[in-house]
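A.B. asks: First residue of the sequence shown? That's 3 in our numbering, and the numbers climb one at a time after it. Here a beta-carbon is modelled for each residue, glycine too, at the ideal position from N, C-alpha and C.
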Amino acid sequence: MLTLLVIALSGYLLGSFPTGYLAGRTAGVDIRGLGSGNIGATNVLRVLGKPLGYAVFVVDFAKGLGAVLLAAVIGTRTDASANIVEFNSAVGGALAVFGHTFPVWLGFKGGKGVATSIGVIFGLAPIAAVVICVVWIVTFELSRYVSLASLAAAVSLPVTVGLMRILTHNGTFVLFYFSLCLASVVIIRHRSNLARLLRGTEPRFRRK
């Protein structure tokens, strides 16, 4: 129980690092008052440009991946079974996404968790991560909507993880249930984007 508590707390604190907010501060602005008001990489990219936007994405991605790897290291050092290590890693990743979405440092108002979620999936299930990245890229290139691409990737995540578990008969369904929760968080955090998509008012990324 103590090990799981340490993993959960470590994952949350790592995920709560407010990358986008700090990027805005380096540029002399509060990103929460600009664009969509979100501290995620997409809003930073729109408002502050590619260098800072890409940097925020990389760091937010690393938060998710780092939380999973840290949880795995802690789990293996306690001589836990492979299933327990997988469960602990999923908990660490989930808390990283939760920390990114609800950071204590910013009054529990954070980003939408897409980049951090991708990092978590790369740590837990690399093949599934590649699949959802392909889904994201194809959807974005066809629609030029970041939000729609993120929603499509979120929906494809539990489908991909579930199919992989059924076809390979490898491991437990811990990752499947975790992927359902993760996809739900991303979809809920994008509910305002979904409403704008339905109204036709969601901004696109224009080709230059």
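With 16 as the cutoff for other CB atoms within 10 Å, does Ala197 come out buried or exposed?
C.D. replies: exposed
A.B. asks: With a cut-off of 8 angstroms on the beta carbons, I'd call Gly13 and Gly101 a contact; round off their distance for me.
C.D. replies: A Cβ-Cβ separation of about 7 angstroms places Gly13 in contact with Gly101 under the 8 angstroms criterion.
A.B. asks: Just the Cα atoms here: how many angstroms apart are Ala84 and Arg27?
C.D. replies: 42 angstroms
A.B. asks: What are the start and end residues of each continuous beta strand (DSSP E) run of 3 or more residues lying completely inside the stretch 40-85, in chain order?
C.D. replies: none
A.B. asks: What span of residues does the alpha helix (DSSP H) with Trp138 cover, start to end?
C.D. replies: Pro128 to Ser145
A.B. asks: For the 8 angstroms Cβ check, are there 3 or more pairs between the stretch 94-109 and the stretch 151-158?
C.D. replies: Three or more Cβ pairs closer than 8 angstroms define a contact, and the stretch 94-109 falls short of that threshold against the stretch 151-158.
A.B. asks: Kindly list the residues whose CB is nearer than 6 angstroms to the CB of Ile134, restricted to its own chain and excluding five residues on each side of it in sequence; keep chain order.
C.D. replies: Ala155, Ser158 and Leu159
A.B. asks: For the ligand GDP, I want to know if Ala92 counts as a neighbour, meaning its beta carbon is within less than 6 angstroms of at least one of the ligand's heavy atoms.
C.D. replies: With respect to small molecules bound, the structure shown includes none, and the ligand GDP cannot be examined in it.
A.B. asks: Does DSSP classify Met166 as helix, strand or coil?
C.D. replies: Shown here, Met166 sits in a helix according to DSSP, grouped into three states.
A.B. asks: According to DSSP, is Pro160 helix, strand or coil?
C.D. replies: The three-state secondary structure of Pro160, taken from DSSP, is helix.
A.B. asks: Which two residues bound the contiguous alpha helix (DSSP H) that contains Ser194?
C.D. replies: Arg193 to Arg201
A.B. asks: For a test of the three-state rule: what should DSSP assign to Glu88, helix, strand or coil?
C.D. replies: helix
A.B. asks: Answer with buried or exposed for Asp62, where buried requires no fewer than 16 other C-beta atoms within 10 angstroms of its C-beta.
C.D. replies: buried
A.B. asks: Evaluate contact between the stretch 35-55 and the stretch 102-120, counting only Cβ atoms and requiring at least three cross-stretch pairs below 8 angstroms.
C.D. replies: The stretch 35-55, when compared against the stretch 102-120, does touch it at the 8 angstroms Cβ threshold.
A.B. asks: Could you check how far apart the C-beta atoms of Phe180 and Ala92 are, in whole angstroms? I think they sit under 8 angstroms.
C.D. replies: Going by Cβ atoms, the distance from Phe180 to Ala92 rounds to 4 angstroms, so yes, they are a contact pair.
A.B. asks: Would you call Val106 buried or exposed, if buried means 16 or more other Cβ atoms sit within 10 Å of its Cβ?
C.D. replies: exposed
A.B. asks: Classify Pro53 as buried or exposed, calling it buried when 16 or more other Cβ atoms lie within 10 Å of its own Cβ.
C.D. replies: exposed
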